[in-house]
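Novice: So the protein sequences, as listed, match chains A and B. Just so you know, the first sequence maps onto residues 976 to 1202 in my numbering. Just so you know, the second sequence maps onto residues 3 to 83 in my numbering. Where a beta carbon is used, it is the ideal one built from N, C-alpha and C, also for glycine. Have a look at this one before I ask anything.
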Amino acid sequence: MKFGVAVYPGSNCDYDTYYVIRDILKKDVDFIDYRQTDIDKFDCIIVPGGFSFGDYLRPGALASHTPLTYALRDFAEKDKFVVGICNGFQILTEAHLLPGVLLPNSHGKFVCKHQFLRVENDKTAFTNKLSKGQVVKLPIAHHDGNYFVDEDTLKQMEENGQIILRYCDENGNVSDESNPNGSILNIAGVSNKNKNVFGLMPHPERACESLLGSEDGLLFLKSLLEI
Amino acid sequence: MLIKFFIKPRKGVLDPQGRAVSENLKSLGFNNVEKVFVGKYIEVYIDENDKEKAKKQAVEMAKKALVNDLIEDFEFEIVEG
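Okay, structure coming up:
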């Protein structure tokens, strides 16, 4: 199982992600420069958080038109795995590898806190170490995390089990009060139809050691090791 | 040739910037303010003399990069010379 961590100008969670894979999961991992296209040796590529290209134009928009992101399309078509975290999620939606788009938070403010999340689908490569309905705690830190998608696509996503994570309270209640950014149906994480491309606003890589307040992030990353 | 792009949030899509600016204008005493939308203005200069070709290119650039049609609408204007 070989991991890659994409690096765009302005990525800033790349080292955290690399550290977790190398030092905690003890797996083989390389950084991948955004100009690189030779990515066949990897089994799973993580597109990390940050502010790629300064969030210019729209978050993720410029990064979605780079050699690496174009190569990720072919990579995903080969049934290999791609995970976008935070800005990585924004990049994958702009690249149309995932449905929808991330709008500015409805309250207009940057949100940075620990957030409870409910697992909606445990039958995926990214959630097989979790169970449906399980409540986990992960950090969120974003200004544009307000997930939006048109009604028809949303319906299809629900039918296909593409909604992976929703924002909730500590008891697993999904409500407006537990929605930190205005996302439609409290959606925090989704997959593509084929369930090999995932995107989420919360940061599992920042929750892999008890010292940091939560180890729940490890459950997601360890799920990937089962594939 | 210059292409001027005017991009604004699509109708029905939440525009927190527009809402904040609207509240701000009202607090300044502009009580007749009904709605505000905050969008983007982009100028693209291209080496092209054929206006029809420029129009075609403008649409292509908007759809491929400048605009996300899930959440934004756009208009453009071509300025020759």
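Could you name each continuous beta strand (DSSP E) segment of 3 residues or more that falls completely within the segment 1036-1093 of chain A, going from the start of the chain to the end?
Specialist: Runs found: 1056-1060 and 1076-1078.
Novice: Cα-Cα, which of N26/B, K42/B and K57/B is closest to I48/B?
Specialist: Reading the second sequence from its first residue, position 46 is the one you call residue 48/B. That would be K57/B, whose Cα lies nearest to the Cα of I48/B.
Novice: Would you say P984/A lies against chain E (beta-carbon separation less than 8 Å)?
Specialist: Among the protein chains in the structure shown, which are A and B, there is no chain E.
Novice: Please report the residue range of the beta strand (DSSP E) in which S24/B lies.
Specialist: To locate residue 24/B, count along the second sequence from 1; it is residue 22. Per DSSP, S24/B belongs to no beta strand (DSSP E); it is in the alpha helix (DSSP H), P18 to S29.
Novice: I need the straight-line Cα distance from L1032/A to I1014/A, nearest angstrom please.
Specialist: In the first sequence, the residue the question calls residue 1032/A occupies position 57. In the first sequence, the residue the question calls residue 1014/A occupies position 39. About 27 Å.
Novice: Closer than 8 Å, CB to CB, is S1081/A near chain B or not?
Specialist: Here residue 1081/A refers to the residue found at position 106 of the first sequence. At least one chain B Cβ lies under 8 Å of S1081/A.
Novice: Here's the rule I'm using: 16 or more other beta-carbon atoms within 10 Å means buried, otherwise exposed. How should S1027/A be labelled?
Specialist: Here residue 1027/A refers to the residue found at position 52 of the first sequence. S1027/A comes out buried.
Novice: Smallest Cα separation from L4/B: which of N70/B, K53/B and F76/B?
Specialist: Reading the second sequence from its first residue, position 2 is the one you call residue 4/B. Here the closest residue by C-alpha is K53/B.
Novice: Taking 8 Å as the threshold, find out whether the segment 9-19 of chain B comes into contact with the segment 1176-1194 of chain A through three or more Cβ pairs.
Specialist: no
Novice: With a threshold of 8 Å between beta-carbons, can G56/B be considered close to chain A, or not?
Specialist: Working through the second sequence from its first residue, we reach residue 56/B at position 54. Residue 56/B is actually Ala in this sequence, not Gly. No, because no Cβ of chain A sits closer than 8 Å to the Cβ of A56/B.
Novice: So is V1022/A in contact with chain B if we call contact Cβ pairs under 8 Å?
Specialist: By one-based count along the first sequence, residue 1022/A stands at place 47. With respect to chain B, the C-beta atom of V1022/A has no partner C-beta closer than 8 Å.
Novice: On the CB-based measure, 16 or more other CB atoms within 10 Å of its CB, does D1191/A come out buried or exposed?
Specialist: One-based indexing of the first sequence puts residue 1191/A at position 216. Around the beta carbon of D1191/A, a 10 Å sphere encloses 16 or more other beta carbons of the protein chains shown; the residue is thus reported as buried.
Novice: So with CB distances below 8 Å, who are the chain A contacts of K15/B?
Specialist: Counting from 1 along the second sequence, the entry for residue 15/B is found at position 13. A small correction: the amino acid at residue 15/B is Val; Lys does not occupy that position in the sequence shown. Ordered by position in chain A, the residues that pass the 8 Å Cβ test against V15/B are L1078 and F1123.
Novice: So, are the CB atoms of R1093/A and G1075/A less than 8 Å apart?
Specialist: As a working note, residue 1093/A is residue 118 in the first sequence. As a working note, residue 1075/A is residue 100 in the first sequence. If you check the CB distance, R1093/A and G1075/A do not come in under 8 Å.
Novice: In whole angstroms, give me the CA-to-CA distance for A1051/A and G979/A.
Specialist: Looking up residue 1051/A in the first sequence gives position 76. Looking up residue 979/A in the first sequence gives position 4. Approximately 13 Å between the Cα atoms of the pair.
Novice: Taking N1062/A and G1083/A to be in contact with their CB atoms under 8 Å, please state how far apart those CB atoms are, rounded to whole angstroms.
Specialist: For the purposes of this step, residue 1062/A is taken as the residue at position 87 of the first sequence. For the purposes of this step, residue 1083/A is taken as the residue at position 108 of the first sequence. At roughly 19 Å, the Cβ-Cβ gap does not stay under 8 Å, so N1062/A and G1083/A are not in contact.
Novice: Using the Cα positions of H1071/A and G31/B, report the straight-line distance between them to the nearest angstrom.
Specialist: Sequence index remark: in the first sequence, residue 1071/A carries index 96 (1-based). Sequence index remark: in the second sequence, residue 31/B carries index 29 (1-based). If you draw a straight line from the Cα of H1071/A to the Cα of G31/B, it comes to about 44 Å.
Novice: If we define contact as Cβ-Cβ less than 8 Å, is E1126/A a contact residue for chain B?
Specialist: Working through the first sequence from its first residue, we reach residue 1126/A at position 151. Chain B, which has no Cβ nearer than 8 Å to the Cβ of E1126/A, makes this no.
Novice: In angstroms, rounded to a whole number, what distance separates the CA positions of N987/A and E82/B?
Specialist: Numbered from 1 along the first sequence, position 12 holds the residue referred to as residue 987/A. Numbered from 1 along the second sequence, position 80 holds the residue referred to as residue 82/B. So the alpha carbons of these two residues sit roughly 42 Å apart.
Novice: So, with DSSP's three-state summary, where would you put Y43/B?
Specialist: Position 41 of the second sequence, counting from 1, holds the residue named residue 43/B. Y43/B: strand per DSSP, three-state reduction.
Novice: How should Y43/B be labelled, buried or exposed, when 16 other C-beta atoms within 10 angstroms of its C-beta is the threshold for buried?
Specialist: Start at 1 with the first residue of the second sequence, and residue 43/B comes out as number 41. With fewer than 16 other CB atoms across the displayed protein chains lying within 10 angstroms of its CB, Y43/B is exposed.
Novice: Which chain B residues sit within Cβ distance under 8 Å of A1238/A?
Specialist: Outside the modelled stretch of chain A, which goes from 976 to 1202, sits residue 1238/A, for which no answer is possible.
Novice: When DSSP labels each residue in this structure, what does A1182/A get in the three-state scheme?
Specialist: Here the question's residue 1182/A lines up with position 207 in the first sequence. Looking at A1182/A - three-state DSSP - the assignment turns out to be coil, as it is neither helix nor strand.
Novice: With DSSP as the reference, label Y983/A as helix, strand or coil.
Specialist: Here the question's residue 983/A lines up with position 8 in the first sequence. If DSSP states are grouped into helix, strand and coil, Y983/A belongs with coil.
Novice: The beta strand (DSSP E) spanning N1121/A covers which residue range?
Specialist: For this step, residue 1121/A is matched to residue 146 along the first sequence. Element bounds for N1121/A: N1121 to F1123.
Novice: Return the CA-CA distance between L27/B and I1159/A, expressed in angstroms with no decimal places.
Specialist: One-based indexing of the second sequence puts residue 27/B at position 25. One-based indexing of the first sequence puts residue 1159/A at position 184. So the two alpha carbons sit approximately 29 Å from each other.
Novice: Please compile the residues from chain A whose C-beta is within a distance smaller than 7 Å of the C-beta of I73/B.
Specialist: The residue given as residue 73/B occupies position 71 in the second sequence. Correct list: V1076, L1078 and F1123.
Novice: DSSP has D75/B in a bridge; who is on the other side?
Specialist: Your numbering for residue 75/B matches position 73 in the second sequence. Paired residue(s): K10/B.
Novice: Among the residues of its own chain, which have a CB less than 8 Å from the CB of R1010/A, if the five just before and after it don't count?
Specialist: Translated into the one-based positions of the first sequence, residue 1010/A becomes position 35. Counting only Cβ-Cβ distances below 8 Å, and skipping sequence neighbours, we find T1041, P1042 and L1043.
Novice: Let me see if you follow: with CB-CB separation under 8 Å, is A22/B close to chain A or not?
Specialist: Start at 1 with the first residue of the second sequence, and residue 22/B comes out as number 20. Yes - at least one Cβ of chain A is within 8 Å of the one on A22/B.
Novice: Between the alpha carbons of I80/B and R12/B, how many angstroms are there, rounded?
Specialist: Within the second sequence, the letter at position 78 stands for residue 80/B. Within the second sequence, the letter at position 10 stands for residue 12/B. So the two alpha carbons sit approximately 22 Å from each other.
Novice: What separation, rounded to the nearest whole angstrom, lies between the Cα atoms of V1022/A and S1081/A?
Specialist: To locate residue 1022/A, count along the first sequence from 1; it is residue 47. To locate residue 1081/A, count along the first sequence from 1; it is residue 106. For V1022/A and S1081/A, the distance between alpha carbons rounds to 25 Å.
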